[in-house]
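A.B. asks: Residue numbers (UniProt numbering): 1 to 112. In this text, a Cβ means the ideal position worked out from N, Cα and C, and glycines have one as well. Please read through the structure below; I'll follow up with questions.
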Amino acid sequence: MSDLYAVADFCLIPMGTGESSVAEYIAECQRILEKSGLKYKRSGYGTNLEGPWGAVSQAIHDCHAAVHAQGAPRIATDIRIGTRVDREITPGTGNDAKVRRVEEILEKDAAA
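Written out as structure tokens, the structure is:
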């Protein structure tokens with residue numbers, strides 16, 4: 001079986017930095033994600049990431065390593081990962097398709 005295609009949402013939280021802002025650490029993680037070649041989208045409280053399971057896991061690992069290298073002694077990360085095998089997912093469209101489907105339903109409500 002090939003690597004599962006994963007749509008993930010994760011929130012990396014540097015701890016023990018002595019600062020209330022974690023923006024510099026999160027920016028470093030975003031640099032890692034950019035280099036990964038995976039599709040990602042950040043929000044105020046997390047990042048959506050998608051691609052092969054192994055690559056998604058490696059990218060999150062690499063974010064941890066980079067943020068530790070910046071001096072964060074601890075990191076807590078919440079991760080939700082979804083996979084499906086009942087239909088083909090075109091790489092890079094997993095999260096967008098989920099959002100688009102909900103928007104279609106809401107448009108039908110507005111038209112009624």
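By DSSP, does L33 sit in helix, in strand, or in coil?
C.D. replies: L33: helix per DSSP, three-state reduction.
A.B. asks: Using 8 angstroms as the limit for Cβ to Cβ distance, is A110 near chain C?
C.D. replies: The structure shown contains no chain C; it holds only a single protein chain.
A.B. asks: CB A8 to CB V56, shorter than 8 angstroms?
C.D. replies: yes
A.B. asks: Would the C-beta of R80 count as close to the ligand NAD, meaning under 7 angstroms from any of its heavy atoms?
C.D. replies: The ligand content of the structure shown is nil, which means the ligand NAD is not present either.
A.B. asks: Would you kindly work out how many angstroms separate the C-alpha atoms of L12 and A76, rounded to a whole number?
C.D. replies: 6 angstroms
A.B. asks: CB-CB under 8 angstroms to I60, same chain, minus the five flanking residues each way: which ones, in chain order?
C.D. replies: The answer, listed in chain order, is A8, F10, L12, L49, T77 and I79.
A.B. asks: Residue range of the alpha helix (DSSP H) that E88 falls in?
C.D. replies: Where E88 is concerned, there is no enclosing alpha helix (DSSP H), given that its DSSP letter is neither H nor E.
A.B. asks: Pull up the DSSP beta-bridge partners for E50, would you.
C.D. replies: Paired residues: V7 and K39.
A.B. asks: To the nearest angstrom, report how far apart K108 and R101 are at their CA atoms.
C.D. replies: Going from the Cα of K108 to the Cα of R101 covers about 11 angstroms.
A.B. asks: Within this structure, are the beta carbons of G51 and K39 separated by less than 8 angstroms?
C.D. replies: yes
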